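Each residue of the sequence shown is one higher than the one before, starting from 51 at the first, in my numbering. So the structure is just underneath, and the comments pick up after that.
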Amino acid sequence: MDYKKSTAPHNTITRDMNKLCEEVGNVYETVAIIAKRANEISQELKRELDAKLQEFSTPNDNNLDDVSENKEQIDISRRYEALPKPTLIAIQEFEDHDIYYRNPSKEKANKQIL
């Protein structure tokens with residue numbers, strides 16, 4: 051997903067948790083769903099940033115003391131820092147119903163009742 055085009059706010063805003071958890075019915079499950087998605091987003095962004103920064107690395111980077119600043123690397127890092135936080139993106143996706151989730155224990159309980 052292109053997180054640069056995300057409509058998530060860049061600042062934290064107050065949310066009504068009762069409204070946020072209406073669909074799931076449980077505040078804790080809602081928070082768990084959002085947290086898992088935020089972790090996925092964070093990992094995706096980290097992999098993407100690492101891949102872009104790898105383009106600038108040279109094979110002779112064995113010495114950590116010789117760190118040279120590269121303007122392009124700094125610009126890329128700043129662009130990623132300017133993105134909304136993964137938690138805010140996950141909440142926006144949850145509100146927009148863009149997250150697919152399921153609870154296997156509830157599905158199992160429903161099957162046993164039938």
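Positions of the beta carbon are idealized from the N, C-alpha and C atoms, including for glycine. Quick caveat: nothing in here was measured; it's all calculated off a predicted structure.
Do you know whose CA, among the options, lies nearest residue i's CA?
i: H147; options: T64, E73, V77 and E122; result: E73
i: D120; options: L133, K135 and Q104; result: Here residue 120 is Asn; the residue named in the question, Asp, does not match the sequence. Answer by Cα proximity: Q104.
i: F144; options: T62, V81 and H60; result: V81
i: N61; options: G75, K135 and P154; result: K135
i: K102; options: I124, T64 and V77; result: I124
i: T64; options: D52, S92 and Q142; result: Q142
i: L99; options: N153, K158 and D52; result: D52
i: S92; options: K156, R152, Y130 and Y151; result: Y130
With DSSP collapsed to three states, give me the class of residue i.
i: P136; result: helix
i: N68; result: helix
i: I126; result: helix
So residue i is in the alpha helix (DSSP H); what residue range does that whole segment cover?
i: D100; result: V77 to Q104
For the putative contact between residue i and residue j, defined by C-beta atoms under 8 Å, what is the C-beta separation to the nearest angstrom?
i: R87; j: I149; result: 5 Å
i: A85; j: I139; result: A85 to I139, Cβ: 12 Å. No contact.
i: K55; j: L133; result: With a Cβ gap of about 10 Å, K55 and L133 do not count as contacting.
Does the beta carbon of residue i fall short of 6 Å from some heavy atom of the ligand PLP?
i: S107; result: With respect to small molecules bound, the structure shown includes none, and the ligand PLP cannot be examined in it.
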